[in-house]
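Peer 1:
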Amino acid sequence: MKSKQKWLIVGNWKMNPVSLKLAKQNYISIKKASTKIKNTEVVVCPPSIYMESFKGTTRLMLGSQDLFWEGEGSFTGNISYIQLKNFGVKYSIVGHSEKRREGETLENINKKVKSAVKGNIFPIICVGEEERDDHGAYLKVIKEQIESAVVGLSKNTIKDIVIAYEPLWAIGKDSKRDATPHEIFETVIYIKKVLSDIYGTKSVPPTKILYGGSVNEKNAEFVLKSGGVDGLLVGRVSLDVKKFTDLLLSVDKLKR
Ligand code: PGA
């Protein structure tokens, strides 16, 4: 794992843009901006169909939006962790809420997390509740998502995983509202406690924790400073080169 001191900003392009031409334009512009970035690891997760055109660099790393747990074989439509690794992929989003909605199971998420770690890819495990209630039921959801995702991982892999807290009500253009820094901070502390309990660590676990959900170039700094996270998982804004570049530059000048 790279230095804990660097911010980690991950752009998830989801199923965008519609043409390779546009994807290349975005990538080239972000790559150019990333040469000015010093204190931040920048990762872009394009649709896998475009990956061939983007070679990751040390400043701008390549991530995948998913991966498959078998190395090779008769698994139509899937891309294996070994194929991704051989391609230079460093991070892989696992268990994004949009995949969970399509029926991704806790068991499959666990298989994906384990194969990513085995293949030296950092899994970015997305967790988050549908709704935030007043009785703390949402914390149980998050706990179950984390516990089930890391079943079978040994204690020394705790630094090799990333958790992204993404409350579903704050994600996407139809989000109900933004999460407050207090809500993010409180959940991050809780996630760290869950990890400590699972792994039996006395000190704060070294797992990087990201926040995702309507992050933009205007609120990124505030979320990082007040939310207690190590970085951000950015959806829509990662497709807007100007906004994403502004976000990266504003984050990069923040002290950790
Ligand atoms: P958003 O998406 O930034 O567009 O809200 C975040 C995500 O789904 O990871």
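Under my numbering, residues 96 to 351 are what the sequence shown spells out, in order. In this text, a Cβ means the ideal position worked out from N, Cα and C, and glycines have one as well.
Smallest Cα separation from Pro276: which of Ser143, Leu305, Asp269, Val105?
Peer 2: Checked all of Ser143, Leu305, Asp269, Val105; the closest Cα to Pro276 is Leu305.
Peer 1: On a CA-only basis, which of Glu316, Ile237, Leu155 is nearest Asp347? Give me that one, please.
Peer 2: Out of Glu316, Ile237, Leu155, the CA that lies nearest to the CA of Asp347 is found in Glu316.
Peer 1: Would the C-beta of Arg195 count as close to ligand 1, meaning under 7 Å from any of its heavy atoms?
Peer 2: no
Peer 1: Quick check: the Cα distance between Ser98 and Val137, rounded to an integer number of angstroms?
Peer 2: Because Ser98 carries a pLDDT of 46, less than 50, the predicted location of this residue cannot be relied on, and the following value inherits that uncertainty. Between Ser98 and Val137, the C-alpha separation is close to 13 Å.
Peer 1: By the DSSP assignment, the beta strand (DSSP E) with Gly307 in it spans what residues?
Peer 2: 303 to 307
Peer 1: Below 7 Å, is the gap between the Cβ of Ser270 and the nearest heavy atom of ligand 1?
Peer 2: yes
Peer 1: What is the C-beta distance between Val189 and Ile241, in whole angstroms, given that I count them as a contact (C-beta under 8 Å)?
Peer 2: Val189 to Ile241, Cβ: 12 Å. No contact.
Peer 1: Which residues bound the beta strand (DSSP E) around Glu136?
Peer 2: 135 to 140
Peer 1: Report yes if the C-beta of Arg370 is less than 7 Å from at least one heavy atom of ligand 1; otherwise report no.
Peer 2: The shown model of the chain, from 96 to 351, leaves out residue 370, and the question about it has no answer.
Peer 1: Is Glu136 near ligand 1, judged by its Cβ being under 7 Å from some heavy atom?
Peer 2: no
Peer 1: Near Phe182, what residues of its chain come up, given a Cβ to Cβ distance below 7 Å and the 5 sequence neighbours on each side ignored?
Peer 2: Met146
Peer 1: With a CB to CB cut of under 6 Å and the five nearest residues on each side skipped, what residues in its chain are close to Gly326?
Peer 2: Trp102, Leu103, Ile104, Leu305
Peer 1: Can you tell me which of Ile132, Phe170, Phe163, Ile177 puts its alpha carbon nearest to the alpha carbon of Leu155?
Peer 2: Ile132
Peer 1: With distances taken Cα to Cα, identify the nearest neighbour of Lys238 among Lys185, Glu202, Asp269, Ile293.
Peer 2: Ile293
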